[in-house]
Amino acid sequence: MLNRKQTEPQLSKYLHAKGRALGLPIAGNFELTARCNFDCPMCYVHLKSEDVEAAGRELSAEQWISIAREAKDEGMVFALLTGGEPFVRSDFFEIYHAMKQMGIMVSINSNGSMLKGEVLRRLIDDPPFRVNVSLYGGSNETYRRMCGRAAFDDVIENIAALKNAGIDVRLNVSVTPYNEGDVEDICACAEKLGVHMKLASYMYPSVRVNGGKYGYGDRLSPEKAAAASVRWDVLRFDDETFSKRAEAMAELRLTEEPECPVDSDEGVGCRAGSTSFWMTWDGRMVPCGMMTFPVVHPLELGFKAAWQELRRATSEIRLPPKCKTCPKRSVCAMCAAVCVTETGEFGKVPEYVCRMTDAVISQTKAAYEERKSENGN
Amino acid sequence: MEIKKELIKREIAGETVLIPVGKTVYDSNGLFMLNELGAFIWEHLPEADIAEDICRIVTDEYDVDLDTAKRDVEEFLQRLSSHGII
């Protein structure tokens, strides 16, 4: 009668599966602002304040609350408030409290620098389901280089305060040319803080902020991105788990479920535009925050009609036929957002990701053999 | 029966779920899902003082004998109690 034996991810999966069958928007991502107090080169959203004004006004709190209410009425259970840095909005808590009071499970993406003082107190009084903090390095020096601010010590202190208050914190780590040497230090930070961490070394081309130029990003080469990914596997897995992963990789299988589900078909396999949507800071709705199209306008159409149109347009997306039959498909990070940001089209093979996948396979094999020889067997 | 936690009941995709609100988020670590009988009992908790009241409401609504109703109601109330909800 009261099902709590299942863990939250299982209940979430179940609701998404039912939502997919019924065409419901189970999860919404709300990019409340493009403004940020950091200035990271790989960011796919961040605009300077003057650019935000030039590009159009951010939505008001009332508009965000209204969209959230319509989405909730259509079935939205989970919402992620993101940015930019969402806490730069002085009316953040107006939006946040309203969404929580609607019976929406709200998580927040933040760079962690503003999670102190009054902001922290208000979060403790009315906690989110989760705070995902982006950790950009393992020192103030790396933060200065990557984010333009030596905020590392502050961010670590703020994460510890959130955790001490009992709020669920996760770390998201993006590896770029500016912090590639910090993977060990970052892993050590996560361990010391006792928080779950997720590392991504594949950076989508920032088509949204560089004039639509696809395939371009201030990022590592595919081989270096693979090296960071494999390094993380070596650090996070014990001998047995890493061995299993390496052996599966040699057979072109994964031992853990990928973050975005892989679909062997040519359509979009993940939740984007199927049970989830992304609202950009200026009021456009897209399947995923990395994409610039298909795009619909809920402020003009109303949420329900916009969602139906987004679902229809997403269902028509076809990924490269060559990828469908590629033997490496199940260990590759290719998806609709990857294809369109790398090539400008959904149906073109994203060569950067092919190279990265090849490098992950060969470097995992090399790391496995090295570990075996270190262990003397 | 007094519901001690802040939970909002919602119908989503044909399922009844309880979403934690306010500081209940600290205790719950996620949402709760109710089956049909659980959702029915949840609706009638405020008008019941003791488990027997709920058993009566259940047997009035459903074609079920008192012993079965008692077993189900007690199991449900026990689960709610173990989460500090009642």
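Top line first, the protein sequences correspond to chains A and B. 2 is the number of the first residue of the first sequence in our numbering; add one for each residue after it. 137 is the number of the first residue of the second sequence in our numbering; add one for each residue after it. Each residue gets a CB set at the ideal place from its N, CA and C atoms; glycine is no exception.
Residue i (DSSP reduced to helix, strand or coil)
i, result
"A:Met250", "helix"
"A:Trp233", "helix"
"B:Pro156", "strand"
"A:Arg131", "strand"
"A:Gly197", "With the sequence shown as reference, residue 197 of chain A is identified as His, and Gly is not the correct amino acid for it. Strand, per DSSP."
"A:Ser207", "coil"
"A:Arg150", "coil"
"A:Leu163", "helix"
"B:Ile226", "What the structure shows of chain B is the stretch from 137 to 222, and residue 226 of chain B is not part of that stretch, so it cannot be assessed."
"B:Glu147", "strand"
"A:Arg285", "coil"
"A:Leu221", "coil"
"A:Val297", "strand"
"A:Phe304", "helix"
"A:Thr83", "strand"
"A:Lys6", "With a pLDDT of 39 at A:Lys6, under the threshold of 50, the modelled position of that residue is not reliable, and no figure is offered here."
"A:Phe347", "coil"
"A:Ala334", "coil"
"A:Leu136", "strand"
Nearest-angstrom Cβ-Cβ length linking residue i and residue j, presumed shorter than 8 Å
i, j, result
"A:Thr276", "A:Leu25", "6 Å"
"A:Val210", "A:Leu48", "7 Å"
"A:Met291", "A:Phe278", "With 8 Å as the limit, A:Met291 and A:Phe278 do not qualify as a contact, their Cβ atoms being about 13 Å apart."
"A:Met77", "A:Ala28", "7 Å"
"A:Val89", "A:Asn38", "6 Å"
"A:Lys19", "B:Gly150", "7 Å"
"A:Asp183", "A:Gly218", "About 19 Å; that fails the 8 Å criterion."
"A:Gly345", "A:Arg312", "In fact, because the Cβ distance is near 23 Å, the residues do not count as touching under 8 Å."
Neighbour flag for residue i against chain A, beta carbons, 9 Å
i, result
"B:Val161", "yes"
"B:Glu151", "yes"
"B:Met169", "yes"
"B:Pro156", "yes"
"B:Ile148", "yes"
"B:Lys145", "yes"
"B:Gly122", "Lying outside 137 to 222, the shown extent of chain B, residue 122 of chain B is not represented and no answer is given."
"B:Leu202", "no"
Closer than 9 Å to chain B by CB, residue i
i, result
"A:Gln309", "no"
"A:Phe130", "yes"
"A:Gly182", "no"
"A:Ile27", "yes"
"A:Gln102", "yes"
"A:Ile105", "yes"
"A:Gly167", "yes"
"A:Asp127", "yes"
Span of the beta strand (DSSP E) around residue i
i, result
"A:Met106", "106 to 111"
"A:Arg171", "170 to 175"
"A:Ala28", "28 to 32"
"A:Phe238", "Counting along the chain, A:Phe238 falls outside any beta strand (DSSP E), and DSSP gives it neither H nor E."
"A:Ser277", "277 to 280"
Terminal residues of the alpha helix (DSSP H) in which residue i lies
i, result
"A:Ile96", "93 to 102"
"B:Gly174", "172 to 180"
"A:Met357", "352 to 375"
"A:Phe385", "The displayed coordinates of chain A run from 2 to 378. Any statement about residue 385 of chain A would go beyond what the structure contains."
"B:Asp185", "Where B:Asp185 is concerned, there is no enclosing alpha helix (DSSP H), given that its DSSP letter is neither H nor E."
"A:Glu63", "62 to 74"
"B:Thr204", "202 to 218"
"A:Ile125", "118 to 126"
"A:Lys323", "322 to 325"
Any chain D beta carbon closer than 9 Å to residue i
i, result
"A:Lys199", "Of the protein chains in this structure, namely A and B, none is chain D."
(message) Tell me which residues of the region 12 to 25 of chain A have at least one Cβ-Cβ distance to chain B shorter than 7 Å, keeping chain order.
(response) Leu12, Leu16, Lys19, Gly20, Leu23, Leu25
(message) Beta carbons nearer than 7 Å to chain B: which residues of the region 64 to 88 of chain A have them?
(response) Gly76, Val78
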